[in-house]
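These notes concern the structure reproduced below.
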Amino acid sequence: MAQVTCLGFPRIGRRRELKVALEKYWKGTLDAAALHEVARNLRQAHWQLQRATGADSIPVNDFSLYDTMLDTAWLFGAVPERYQQIAAADPLAGYFASARGYHADGHDLHALEMTKWFDTNYHYIVPELRRGQIFALSGDKPIAEFLEAKALGLAARPVLPGPVTFLLLAKCVDGSNRFDLLDGLVGAYADLLGKLHDAGAEWVQLDEPCLALDLDDATRAAYRRAYAALAQARGPRRLLATYFGPLDDNLATAAALPVDGLHVDLVRAPDQLDAVLDALPAERVLSLGVVDGRNVWRSDLDTALAFARRAAKRRGGDQLWLAPSCSLLHVPYDAADEDALQPDIRGWLAFARQKLEELRVLADALAGDTAARAAIAAARAALAQRRSSRLAVNRAVRQRIDAVTPEMSRRHSTYPERHRQQVAALHLPLLPTTTIGSFPQTHAVRQARAAHRSGKLGDAEYRKFLEAETGRAVREQEQLGLDVLVHGEFERNDMVEYFGEQLDGFTFTRHGWVQSYGSRCVKPPIIYGDVARPHAMTVDWLRYAQSLTDKPMKGMLTGPVTILKWSFVRDDQPLAATCRQLALALRDEVCDLEAAGIRIIQIDEPAFREALPLRRSERKAYLAWAVACFRLAVSGVRDATQIHTHMCYSEFGDIIEAVAAMDADVISMETSRSRMELLDAFAQFHYPNEIGPGVYDIHSPRVPEVAEMTDLLQRARKVLQPQQIWVNPDCGLKTRDWPEVKAALGRMVEAARAMRAEVAGAA
Ligand code: GLN
Ligand code: ZN
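Residue numbering for the sequence shown follows numbering that gives the first Met the number 0, starting at 0 and increasing by one per position.
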């Protein structure tokens, strides 16, 4: 009999109970004991739910008060001394200090760095290691959670990041070789395994998603060394979990590691099943990830069952587990809560709970159960209904897509000619100043939006309020002396949601929250059908803002790749096809803005880089369609209309040619925190168009000195021509408050003026 399991479950809670409790605790209105109680109740509710939906075994230690990579660092004592000191007096305070920073009692500690978990929108805390790092089992979280589940009579499997993935994702802050630390780390894991064994654990799950990346020989050797050493230790049986892609050239390594089971992702990598069946020794458990842990659609159970049958035939059912492709952390809790959705669409969805139900059905069907066969037939019918539904299809969109020609992705003239016309049309000074789009989303702005949403504030009053905010932003920018103004984005809740709500083919859930980091959650839109723009989305606001000033007002849109990446996407057509539809909708908006007299239009693509595939072999194809979509969106305008784009980072090393191929007239990006990186990439690659290297960090309330900004501009001048340089902050200003913004932008304008004088003097 095949067994059903889960690799990890969403921990934030059906109604984000963990978020609420954490934020109360941080504010001081909930004590530690009460926070722990909320956490325990959530864990137990989630375990019981998994049990009730038919999971034969469940993961534990997938729960965390902040992040499981961080938990693992604490578990093995691999946390910088500065946080340990705080933890000595108050463990929870020390833990949250490492997650969020600590500014009290004479301490002024930054948080540990945070970064994206592979290609998901979840962010993990990056453990900070140094030469000679000692690893020693310093906590008992996995053991305690195992015992907690055991006391409830549950078959629990503690989950941890595997030692090699942990090490690869950590940062050696002194530049030392991480693999020097491997043996020590593995020793600490071995201690833990022994303790888990003593506690009665039969299995432990070691997550090694790095096995789905391009690895070099040294890393493969590290895998062999680590797992050979662990095999010597007493402990539960080991499940090695891989996900987010095919094992490919790492399959031989993974299959040869001395473990007791291997989990593979058959959603991202359906083609690897036969190779895995060939490679994996017969006595190992094989866990098949057949239900998508990264998306919200009901599974094609026939395909999943066929996989399971193929595996069962080769290996027998006893050594077979059925599981989601990866942890369910990346999907919302329960689609049954979405009673406000259009019923058809709701019937197409499967969130965490439904995914476990699907797995139960699959396992039962594999065992020949008739009720399960009926459930499979029902799923088949739902899928057929979705495939043939008119909701998902828009003929006009399809026809337009078919009629797209290569010329539509090309501006009329090349950049030098456009530049000439834009200089003549815009009358901007050298080193023009601008901002990235948003101005402070104050309490008043958020309050008005909430009141409008709930119906307490009427449309006309809300509009008036937003006009007043926009007017104020325009006046402030004029007073500051900025050259290219923005309207401030006060009408926008979120840079994707705002557009999704106005486009056909999108729907929104009420409770479809997914953890982004710590207590922060996002509620991604769901793209279920062909994307079309029934009406202009931003033109009224831009026209209004432009009417208030003679300075150029920059139109502000979110780009196709970013909308795609920050939504749940349809799985019935390639990503590129959905992206092209988004691009066409945005193209209409760009043209309408131009027709309304907007002479500069910015298309933000902060997710352009994060959408890059994990494997190098797939990147070229991605970059080709992503660049083409951006160009399709922006190329409908006249040469004199200036197109900007914005990206929130400057690690362009591996994508700089694609960024240049986007052929935006101006690109702005983050550079103040990473000043050298811009120089590296741009010194080697002669970037042809204009660039706004962010001169101050908007993530911090600190107002920089003029000299810091002129210094950065001087560095930029070393690799760029003065005619190429724009002066702007790193990103939008929505998280800041007005006094900070005014002070910082005032100094930024001063820095730009100083640089202009210097350039004029040098000429
Ligand atoms: N225009 C957006 C803003 O200013 C850009 C945000 C982003 O790139 N993340 O807020
Ligand atoms: Zn940004």
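We put the CB at the ideal spot given by N, CA and C, even for glycine. Quick caveat, the model's predicted, so the values are computed rather than measured.
In angstroms, rounded to a whole number, what distance separates the CA positions of residue i and residue j?
i, j, result
"Val422", "Met668", "22 Å"
"Ser453", "Asp696", "35 Å"
"Val718", "Ala447", "45 Å"
"Ile526", "Asp179", "46 Å"
"Leu21", "Lys741", "33 Å"
"Thr114", "Ala370", "45 Å"
"Gly183", "Ser137", "14 Å"
"Ile666", "Ser699", "22 Å"
"Glu207", "Arg15", "28 Å"
"Thr164", "Cys209", "6 Å"
"Arg397", "Asp587", "15 Å"
"Gly100", "Leu678", "30 Å"
"Ala217", "Ala374", "48 Å"
"Glu604", "Met555", "11 Å"
"Phe684", "Ala189", "47 Å"
"Leu265", "Asp248", "16 Å"
Take residue i and list the residues in its own chain whose beta-carbon comes closer than 8 Å to its own, dropping the five residues that flank it on each side.
i, result
"Glu477", "Leu484, Thr548, Lys550"
"Tyr414", "Asp662, Asp664, Pro687, Asn688"
Using 10 angstroms around the beta-carbon of residue i, count the other beta-carbons present and answer buried if the total reaches 16, otherwise exposed.
i, result
"Arg394", "exposed"
"Met494", "buried"
"Ala584", "buried"
"Ser546", "exposed"
"Pro280", "exposed"
"Gly131", "exposed"
"Gly315", "exposed"
"Met0", "exposed"
"Leu429", "exposed"
"Pro533", "exposed"
"Glu80", "exposed"
"Gln318", "buried"
"Gly367", "exposed"
"Asp66", "buried"
"Ser616", "exposed"
"Ala87", "exposed"
"Ala253", "buried"
"Asp539", "exposed"
Which residues bound the beta strand (DSSP E) around residue i?
i, result
"Lys115", "113-115"
"Met668", "665-668"
"Cys520", "519-521"
"Glu689", "689-692"
"Asp511", "Residue identity check: residue 511 is Gly in the sequence provided, not Asp. Neither: Gly511 is in no beta strand (DSSP E) and is coded neither H nor E."
"Lys553", "553-557"
"Ala240", "236-240"
"Asp603", "599-603"
"Leu611", "That residue, Leu611, is in no beta strand (DSSP E); it is neither H nor E in DSSP."
"Ser286", "284-290"
"Asp206", "202-206"
What residues in its chain sit with their C-beta under 6 Å from that of residue i, if we drop five residues either side in the sequence?
i, result
"Gly745", "Leu479"
"Ala44", "none"
"Gln2", "Asp55, Trp320"
"Ala228", "Val185"
"Pro141", "Asn60, Pro157"
"Asp173", "Arg129, Arg130"
"Ala625", "Val560"
"Gly108", "In the sequence under discussion, the amino acid at residue 108 is Leu, which differs from the Gly named in the question. Cβ within range, chain order: Arg81, Ala96, Gly100, Tyr101."
"Ala31", "Leu91"
"Asp336", "His510"
What are the boundary residues of the alpha helix (DSSP H) that residue i is part of?
i, result
"Gln353", "351-365"
"Ala335", "Here Ala335 belongs to no alpha helix (DSSP H), and DSSP marks it neither H nor E."
"Gln83", "80-88"
"Phe629", "618-633"
"Met754", "737-761"
"Asp182", "181-198"
"Met708", "705-718"
"Gly260", "From DSSP, Gly260 is part of no alpha helix (DSSP H) but of the beta strand (DSSP E) over 260-264."
"Gly499", "496-499"
"Tyr24", "16-26"
Excluding the five sequence neighbours on either side, which residues of its own chain have a C-beta within less than 7 Å of the C-beta of residue i, listed in chain order?
i, result
"Ala251", "Ala278"
"Leu153", "Trp46, Arg50, Ile57"
"Tyr461", "Ala447, His451"
"Phe306", "Leu265, Leu272, Leu287, Val289"
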